[in-house]
Amino acid sequence: MLLQVNSSVKRERTIKTLKERNSLKKAMIAAVIVLAGCSDSSGAEEEAVSRPAEEQTAEQMMIDAPHISQKPELMRGCEVTTLAMLLQDAGVSVDKMTLSEEIKRVPFEENGVRGNIHEGFVGNMKTMDEPGLGVYHEPVAELAENYLPGKIKDMTGESFDSVLAQVEDGRPVWVIVTSTFDKLPESEWETWETESGPVKVTYSMHSVLVTGFDEQNLYVNDPLDKKNRKLPREEFIAGWEQIGKQAITYEKAAD
């Protein structure tokens with residue numbers, strides 16, 4: 005009798021485990037469908053509160069920059085939405101929809117050749133019902149230059165210490181990072197053949213505005229989440245470096 009009870013319990017545990025695995029698998033599949041281009045990411049963090057500059061130190065800094073949501077109009081429009089935050093922080097009156105119309109575009113695919121993410125926004129920015137990806141720093145910096153001629157700093161390729169230095173000086177920084185805010189496995193990457201040659205891309209990409217930091221964390225205005233979202237610093241930098249160290253900010257007017 006005891007043997008039968010134990011066997012029954014084991015079967016129930018096995019069934020429960022299988023159900024849990026199936027539920028997790030379904031959730032992961034759903035996440036892959038949604039996380040194409042600018043994507044939601046796991047791990048919601050508490051919102052940090054900005055403090056006056058005189059109360060802040062080099063070990064903890066926070067900028068009270070505008071926050072804009074890319075939804076519902078621009079499901080893949082994290083890059084231009086984050087650019088709108090940056091420009092508004094610089095005092096420019098411009099919105100995400102205007103920038104979405106002005107950014108250079110390239111087709112997702114034409115005659116069997118993929119669009120080059122370095123040359124323009126690839127595919128459809130507004131809906132997930134049509135293929136699309138995103139855009140890298142070059143077209144974004146070019147568009148920003150139209151609004152702040154001679155004052156845009158494309159810092160792509162510099163170290164993350166340079167990004168932190170800008171934030172410490174009171175300027176938020178537009179960046180592209182992996183959507184997991186950490187280094188991606190190689191399986192998340194693919195190489196596209198474009199008219200300009202092969203380009204390595206990932207659908208797990210996202211753009212946010214870096215607004216602050218402390219010893220262990222970074223704070224970002226996330227167009228898919230909230231203002232001053234707290235994220236682990238070391239992991240974020242690893243994801244940022246993996247996707248090309250892309251960063252843009254602006255120069256403040258001289259006092």
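The numbers in my numbering rise by one with no breaks, and the one at position 180 of the sequence shown is 184. Ideal placement from N, C-alpha and C gives every residue a C-beta, glycine not left out. Quantities reported herein were computed from a predicted structural model and do not represent experimental measurements.
Look at residue 137 here: in three-state DSSP terms it is coil, with no helix or strand label. Classified as buried, residue 93 has 16 or more neighbouring CB atoms from the shown chains inside 10 Å of its CB. Put simply, the backbone Cα of residue 200 is about 7 Å away from that of residue 120. Going by beta carbons, residue 225 and residue 89 fall inside the 8 Å limit. Between the C-alpha atoms of residue 208 and residue 153 there is a straight-line separation of about 32 Å.
Shown here, residue 104 sits in a helix according to DSSP, grouped into three states. Annotated three-state conformation of residue 86 is helix, per DSSP.
Residue 126 is positioned such that its CB atom lies closer than 8 Å to that of residue 136. The alpha-carbon of residue 216 is positioned some 43 Å away from that of residue 116. Scanning 210, 96 and 133 for the CA closest to the CA of residue 151 turns up 96. When C-alpha distances from residue 171 are compared across 253, 129 and 184, the shortest belongs to 253. Ranked by how close their Cα comes to the Cα of residue 164, the residues 176, 147 and 227 have 176 in first place. Boundaries of the alpha helix (DSSP H) harbouring residue 241: 237–246, taken from the DSSP string. Pairing residue 83 with residue 139, the inter-Cα distance amounts to about 7 Å.
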